[in-house]
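Protein chains in written order, with my numbering: chain A, -4 to 248; chain B, 63 to 290.
Taking it in order: structure first as C-alpha cells, then the write-up.
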C-alpha cells in the first residue's frame, strides 16, 4: 500500500499540531519517525486513521493515490490501515477472541469459520509466547504492558493489514518480549512483503530489529530532517536538538 | 450443574454449589447461605423482585444477575467472615429502579458490588447503593462500582452511599454515567468495526462486565442476543 501525506496541517482546539507535514511511504517500505515528546508523532498516527478529535485545516492523505479524508475510521481500517497503539484500551465483558473475530468478520466479506479461526489464534498466540488463556480473557483486561503490546501484534497477524503504524511499540516491553514481538513482525513482513510500515519511536533499539530504510526526525509538527538508519544513530548519539543543529556537519566528526 | 430454585418457597437456603433463579413474575424472597459454604447464584430477571439475603458466618456468595426492564430491591446482611461478590446488570427500555442495601453486621466481612446498566429509554434507570458499616466493626471491605451507558439521554442516576461508623475498614465507590467514551469508540472503529456493531459489543461488555462465567455463559450469551 502507498500512503502519501501532502502539506498536512492539523490542529486540536486551535492549537496547531502538524505543520505542512509531508511524507510518502511506498509499498513495502519501512519508515521511522523519531522526535521529542509532544512533537505530534502520535497525533499523526491518529489523524491517518481519522480521529475526529483533530481538525484537518489543509492538505491531504492519499492511499494508493486516492484521498481517504472523507472516509470514516472503520473504512480506513478496512482499506488495510492498522494502528498498533501505545496504550491499547481494555474492555470488560468482551473476550479477546470475540473481539478479533468480530473485527475479522467486519473486514472480510466471507465470515471466517470458527475452527479455522481458533486454529489460527492458537498458532499466533503460541508464536508470540502469550498465555493460551489470553484468547478467552477479556480484551486487555488485567494484561501487563507487554501482554497488551503482544495482543496488538496478535491482531496484526489475524487481521493482516497492508499498512501498519507502530506507535511506541517498544514502550512497556522488556528485552525478551521486544525480541519476540519484533521476530513476529519480521515474519509477518516476510510473508506479506507488500506491507508498508511507519514506526514511531523515541529510541533506536526497535530500529535495530526492524531496520527501516528511511528515518525522519520530527520537530514542532513537521519533518525537519530525513535520512537512512545513520540519522537514527546520530539522534541516539547527539540527541534531537544537536542532531538538528549540526545538520550534515555531524558526519564530519 | 445448576440447581433451579423453587420460588414456591418463601425462604431458600444455599449450600455449596451453583443455583439458578429465573424471575418471570414479581417476586419476594429470602435467601440465606449456610455457614462455611461457597455458592454461586445465577439470576435472570424478566420481572421485578425483592430479595433479602443473609450471608451466615464464613460463607461466600457470588451472584451473576442479568435483568431486563425490571426493578429490584435488594437487602444483604453479612455476618462474620462472609464474602459477597454481586454483579448486577440491567438493560432498560422502560423504567428501572434498582436499590441495594448492604449491611455489614459483623467483623471480617466483605461486599463487592458491580452495577452495570444500559438505558435505552428516555425514562429512568436508577441505581441506589447503600453500604452500611456500624460502629466498632473491624476488617471490613465495602466496595461499589456503578456504570450506566445512557444511549438516549434518559433520566439515569446513580446514588452511591457509604454510611460508615468504623475506622478499620476499606470502602470505595465509583460511578459513571455517559455514552461510550471516545477512546473506546476510536479503538474499536480502528479495527474496522462499524458503529452499530460497536454498540452491540459495548452492550455485551456492560451486561457481562467483570463476571467470570462458567455454566451460565451460553444462557447469558443467548439472552443478551435476544434482548439486544
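Positions of the beta carbon are idealized from the N, C-alpha and C atoms, including for glycine.
>> So the candidates are B:163, B:128 and B:105; which of them puts its Cα closest to the Cα of residue 221 (chain B)?
In response: B:163
> Looking only at C-alpha atoms, which of B:192, B:208, B:167 and B:283 sits nearest to residue 179 (chain B)?
Replying inline: B:208
> Given that residue 96 (chain A) touches chain B, what residues does it touch there, using C-beta distances under 9 Å?
Replying inline: What residue 96 (chain A) touches in chain B: nothing, since even the nearest Cβ is about 11 Å away.
>> Let's test the definition: count the other Cβ atoms within 10 Å of the Cβ of residue 247 (chain A) and tell me whether it reaches 16, buried, or not, exposed.
In response: Bear in mind that the predicted position of residue 247 (chain A) carries a pLDDT of just 46, short of 50, making it too unreliable to give a figure here.
>> Would residue 78 (chain A) and residue 40 (chain A) be called neighbours here (beta carbons separated by less than 7 Å)?
In response: yes
> For residue 288 (chain B), which three-state DSSP category applies?
Replying inline: Three-state DSSP puts residue 288 (chain B) in a helix.
> Could one say the Cβ of residue 354 (chain B) lies closer than 7 Å to chain A's Cβ atoms, at least one of them?
Replying inline: A query on residue 354 (chain B) cannot be resolved here, the shown segment of chain B reaching from 63 to 290 and no further.
> Is the Cβ of residue 69 (chain A) closer than 7 Å to any Cβ of chain B?
Replying inline: For residue 69 (chain A), at least one C-beta of chain B is nearer than 7 Å to its own C-beta.
> If you measure from the beta carbon of residue 239 (chain B) to each beta carbon in chain A, is any gap under 7 Å?
Replying inline: no
> Three-state secondary structure (DSSP) at residue 122 (chain B)?
Replying inline: Under the three-state reduction of DSSP, residue 122 (chain B) is assigned to strand.
> Which residue comes first and which comes last in the alpha helix (DSSP H) that contains residue 42 (chain A)?
Replying inline: Counting along the chain, the alpha helix (DSSP H) containing residue 42 (chain A) begins and ends at 36 to 43.
> Which same chain residues, not among the five before or five after residue 81 (chain B), have their C-beta less than 6 Å away from its C-beta?
Replying inline: 65, 67 and 103
> Mind checking if residue 234 (chain B) is an interface residue toward chain A, Cβ cutoff 7 Å exclusive?
Replying inline: So, not an interface residue.
> Quick one: what does DSSP say residue 175 (chain A) is sitting in, helix, strand or coil?
Replying inline: helix
> Roughly how far, in whole angstroms, is the beta-carbon of residue 149 (chain A) from the beta-carbon of residue 120 (chain A), given that I think they are within contact range, below 8 Å?
Replying inline: 7 Å
> Would a C-beta distance cut-off of 7 Å place residue 195 (chain B) and residue 202 (chain B) closer than the cut-off?
Replying inline: yes
>> According to DSSP, is residue 111 (chain A) part of a helix, a strand, or is it coil?
In response: helix
>> In the DSSP output, which residue or residues are listed as bridge partners for residue 216 (chain B)?
In response: Note: residue 216 (chain B) sits in no beta bridge, so no partner.
> How is the alpha helix (DSSP H) around residue 91 (chain A) delimited, first residue to last?
Replying inline: For residue 91 (chain A), the enclosing alpha helix (DSSP H) stretches over residues 91 to 102.
> How should residue 149 (chain B) be labelled, buried or exposed, when 16 other C-beta atoms within 10 angstroms of its C-beta is the threshold for buried?
Replying inline: Answer is buried; the Cβ neighbour count reaches 16.
> When the Cα atoms are used, what is the spatial distance from residue 213 (chain B) to residue 61 (chain A)?
Replying inline: 35 Å
> So is residue 229 (chain A) buried or exposed if we call it buried at 16+ other beta carbons inside 10 Å?
Replying inline: buried
> Does any CB atom of chain B fall closer than 7 Å to the CB of residue 84 (chain A)?
Replying inline: It does; some Cβ of chain B falls within 7 Å.
> What in chain B is Cβ-close to residue 44 (chain A), meaning under 7 Å?
Replying inline: 252
>> Just to check my reading of the structure: residue 272 (chain B) and residue 87 (chain A) have Cβ atoms closer than 8 Å, yes? What is that Cβ distance to the nearest angstrom?
In response: 5 Å
> What residues of chain B sit near residue 102 (chain A), judged by a beta carbon separation below 7 Å?
Replying inline: 254
>> As an exercise, report each continuous beta strand (DSSP E) stretch of at least 3 residues that is fully enclosed by the region 132 to 212 of chain B, in chain order.
In response: List check, beta strand (DSSP E) in window: 134 to 140, 145 to 154, 158 to 166, 172 to 181, 186 to 195 and 202 to 212.
> Which of helix, strand or coil does DSSP assign to residue 46 (chain A)?
Replying inline: coil
>> If contacts are defined as beta-carbon pairs under 8 Å, then residue 210 (chain B) and residue 181 (chain B) qualify, I think. What distance do you get, rounded to the angstrom?
In response: Going by Cβ atoms, the distance from residue 210 (chain B) to residue 181 (chain B) rounds to 6 Å, so yes, they are a contact pair.
> Any Cβ of chain A within less than 7 Å of the Cβ of residue 265 (chain B)?
Replying inline: no
> Grouping DSSP H, G and I as helix and E and B as strand, with all else coil, what is residue 229 (chain B)?
Replying inline: Here residue 229 (chain B) sits in coil by DSSP.
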